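The block underneath contains the structure these notes are about, expressed in structure tokens.
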Amino acid sequence: HIDVSDKFTAFGKWSVSIIYFAFWVFLMFPNWFLPIGRPGIALGGGLSMVVWRFILRETGNGPLFNAERVIILEPLFLLFGLMLTTIYLEKMERGGLFDKLRASLDDPVNWKRS
36 HIDVSDKFTA
46 FGKWSVSIIY
56 FAFWVFLMFP
66 NWFLPIGRPG
76 IALGGGLSMV
86 VWRFILRETG
96 NGPLFNAERV
106 IILEPLFLLF
116 GLMLTTIYLE
126 KMERGGLFDK
136 LRASLDDPVN
146 WKRS
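Rendered as structure tokens:
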């Protein structure tokens, strides 16, 4: 990793800081602005930072940024698949996997045995 923080202009540094802070606030209160949840907010924050870094580079306010070399797609595909699987299992009819797990954790008899 090469530190390029000295190659940003003052506008570039402040604008990136404001975007990071805004998405941090959105992550702290996930249903305050848009009800998309923390994974959606994190995805939106990552995409907006990639686009903003490109805009900073094109306007001369930031250093060279190769998104193709920085972003590793395999973990993103894995996390997206896990997110879809979780949503599918959560939305199943009554008696689905999550309901059974929740019922077993709420049952006081199971906790007394251990």
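FYI, in our numbering the residues of the sequence shown are 36 to 149. Idealized CB from N, CA, C, for every residue including glycine. None of the values given here were measured: they were computed from a predicted structure.
Judging by CA-CA distance, which residue of the options is the nearest neighbour of residue i?
{"i": "Asp38", "options": "Trp67, Phe100, Met84, Leu62", "result": "Phe100"}
{"i": "Phe110", "options": "Leu78, Ser83, Ser40, Ile71", "result": "It should be pointed out that residue 110 corresponds to Pro in this sequence rather than to Phe. It is Leu78 whose Cα lies nearest to the Cα of Pro110."}
{"i": "Phe43", "options": "Trp87, Thr120, Pro74", "result": "Trp87"}
{"i": "Val105", "options": "Met84, Leu124, Gly116", "result": "Met84"}
{"i": "Leu82", "options": "Phe58, Phe68, Trp67, Thr121", "result": "Phe58"}
When burial is assigned at 16 or more other CB atoms within 10 Å of the CB, is residue i buried or exposed?
{"i": "Ile76", "result": "buried"}
{"i": "Phe46", "result": "exposed"}
{"i": "Gly97", "result": "buried"}
Would you kindly work out how many angstroms separate the C-alpha atoms of residue i and residue j, rounded to a whole number?
{"i": "Glu80", "j": "Phe61", "result": "The amino acid occupying residue 80 in the given sequence is Gly; Glu does not appear at that position. Distance between the alpha carbons of Gly80 and Phe61 is about 9 Å."}
{"i": "Pro74", "j": "Glu103", "result": "22 Å"}
{"i": "Arg137", "j": "Trp49", "result": "45 Å"}
{"i": "Thr120", "j": "Gly95", "result": "42 Å"}
{"i": "Tyr123", "j": "Gly72", "result": "15 Å"}
{"i": "Gly116", "j": "Pro65", "result": "21 Å"}
{"i": "Asp141", "j": "Asp134", "result": "10 Å"}
{"i": "Leu108", "j": "Ser139", "result": "37 Å"}
{"i": "Met118", "j": "Pro70", "result": "16 Å"}
Notebook entry, point to check: Are at least three pairs of beta-carbons, each pair with one atom in the segment 89 to 106 and one in the segment 53 to 60, less than 8 Å apart?
Noted result: no
Checklist line | In chain order, each beta strand (DSSP E) run of at least 3 residues that lies wholly inside the segment 64 to 128 | finding: You should have found no qualifying run.
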